[in-house]
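In my numbering, the protein residues as written are 3 to 229.
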Amino acid sequence: MVTKRIGVSSKQDKRSSASPRTIEDENREPPLSLDRIVSTAVEMLDTDGVDRLSMRRLAERLGAGAMSLYWHVDNKDAVFDLALDSVLEYRARPNMNASQDWRSHVHDMLNDWRACMLRHPWSASLLPRRALGPSILTRLELLSCTLSNAGVPDAELNVAIWSLWNYVMGATVTRASFPDDKAASEPPYQSELYPTIERSRLLLDGDWDGAFQKGLGFLLDGLSPKP
Numbered sequence: 003m004v005t006k007r008i009g010v011s012s013k014q015d016k017r018s019s020a021s022p023r024t025i026e027d028e029n030r031e032p033p034l035s036l037d038r039i040v041s042t043a044v045e046m047l048d049t050d051g052v053d054r055l056s057m058r059r060l061a062e063r064l065g066a067g068a069m070s071l072y073w074h075v076d077n078k079d080a081v082f083d084l085a086l087d088s089v090l091e092y093r094a095r096p097n098m099n100a101s102q103d104w105r106s107h108v109h110d111m112l113n114d115w116r117a118c119m120l121r122h123p124w125s126a127s128l129l130p131r132r133a134l135g136p137s138i139l140t141r142l143e144l145l146s147c148t149l150s151n152a153g154v155p156d157a158e159l160n161v162a163i164w165s166l167w168n169y170v171m172g173a174t175v176t177r178a179s180f181p182d183d184k185a186a187s188e189p190p191y192q193s194e195l196y197p198t199i200e201r202s203r204l205l206l207d208g209d210w211d212g213a214f215q216k217g218l219g220f221l222l223d224g225l226s227p228k229p
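Shown next as structure tokens:
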């Protein structure tokens with residue numbers, strides 16, 4: 003969102019050029035900007051989670067008054083939307099190499115999406131509750147285009163996209179909320195009562211990445227064009 007404080011930065015430049023810098027000037031917080039608000043919000047969400055973010059706490063972290071934030075963002079929901087869009091933005095667009103098949107493209111896209119959310123676990127719980135921003139829409143457009151070019155008919159494209167969405171989101175939320183040491187602990191059940199679960203090592207296998215890749219392979223098998 004465009005700041006409403008038009009002309010403030012030019013006045014600050016005139017003041018700084020009219021007098022020598024002091025220690026107080028050097029210790030002063032950088033000017034408030036939309037980019038700084040968003041990056042600080044992401045840091046706080048990474049550390050404290052969604053529930054603890056407030057405009058007051060964000061302003062305190064920025065060394066600014068709470069009301070000054072509203073020159074740049076409308077409300078806390080806007081901060082959530084901007085933070086979410088920031089972490090889901092492609093830092094480097096996927097390499098759509100013509101020599102790769104469509105499965106490799108989808109594989110790379112969904113692994114990158116999952117990795118982004120695992121770096122910022124709050125994003126997986128927040129994404130379904132927020133309006134879709136440009137970054138996730140770009141991801142969905144590339145995914146839709148790839149599947150369409152692979153032969154998935156338009157009548158089935160919606161279901162295909164939602165199936166992959168649900169898989170990535172579910173896998174990410176589960177991984178983010180599962181304690182790292184749980185897989186190494188004793189089974190949370192009596193093995194003699196659940197012999198098939200015991201054989202499969204469900205809840206005890208810590209190979210999250212391997213399980214994700216294999217499950218994604220199952221889904222892509224189902225989407226493959228039928229002869």
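All C-beta atoms in this analysis are idealised placements derived from N, C-alpha and C, irrespective of residue type, glycine included.
Only a predicted model underlies this, so the values are computations on that prediction, with no experimental measurement involved.
### Query
What are the start and end residues of the alpha helix (DSSP H) that includes residue 230?
Look at the range of the chain in this structure, 3 to 229, and you will see that residue 230 is not part of it.
### Query
Counting Cβ pairs, one atom from each stretch, are 3 or more of them under 8 angstroms apart for the region 37-47 and the region 105-121?
no
### Message
Using C-beta distances below 7 angstroms, list every residue in its chain close to residue 57, excluding the 5 sequence neighbours before and after it, in chain order.
### Response
68, 71 and 78
### Task
Evaluate residue 126 with the Cβ neighbour count: other Cβ atoms within 10 Å of its Cβ, from every protein chain shown; 16 or more gives buried, anything less gives exposed.
buried
### Task
Identify every run of the alpha helix (DSSP H) within the region 85-129, keeping only runs that are complete inside it and at least 4 residues long; order them along the chain.
104-121 and 124-128
#### Entry: N-terminal and C-terminal residue of the alpha helix (DSSP H) that residue 172 is part of
156-179
#### Entry: Where the alpha helix (DSSP H) through residue 41 begins and ends
36-50
### residue 57: first and last residue of the uninterrupted alpha helix (DSSP H) it sits in
57-64
### Message
Can you look up residue 32 in the DSSP assignment and give me helix, strand or coil?
### Response
coil
### Boundaries of the alpha helix (DSSP H) in which residue 227 is found, first to last residue
Here residue 227 belongs to no alpha helix (DSSP H), and DSSP marks it neither H nor E.
### Coil, strand or helix - residue 67 by DSSP
coil
### Task
Return the residue from the list 155, 196 and 198 that minimises the CA-CA distance to residue 228.
155
### Query
Would you call residue 222 buried or exposed, if buried means 16 or more other Cβ atoms sit within 10 Å of its Cβ?
buried
#### Entry: Helix, strand or coil at residue 151 [DSSP, three-state]
helix
### Task
Please work out which residues of its chain come closer than 6 angstroms, Cβ to Cβ, to residue 213, disregarding the five sequence neighbours upstream and downstream, and give them in chain order.
none
### Query
CA-CA distance, residue 35 and residue 90?
20 angstroms
### Query
What is the C-beta distance between residue 145 and residue 166, in whole angstroms, given that I count them as a contact (C-beta under 8 angstroms)?
7 angstroms
### Task
Leaving aside the five residues before and after residue 105 along the sequence, list all residues of the same chain whose C-beta is less than 7 angstroms from its C-beta, in chain order.
222
### Query
With burial defined as no fewer than 16 other Cβ atoms inside 10 Å of the residue's Cβ, what is the status of residue 147: buried or exposed?
exposed
### Query
Hey, out of 195, 84 and 152, whose CA is closest to residue 138's CA?
84
### Query
To the nearest whole angstrom, what separates the beta carbons of residue 159 and residue 150, a pair I think is in contact under 8 angstroms?
6 angstroms
### Query
By Cβ distance, which residues of its chain are closer than 6 angstroms to residue 1, with the 5 residues on each side in sequence left out?
Residue 1 cannot be examined here, being either before or after the span of the chain that is shown, 3 to 229.
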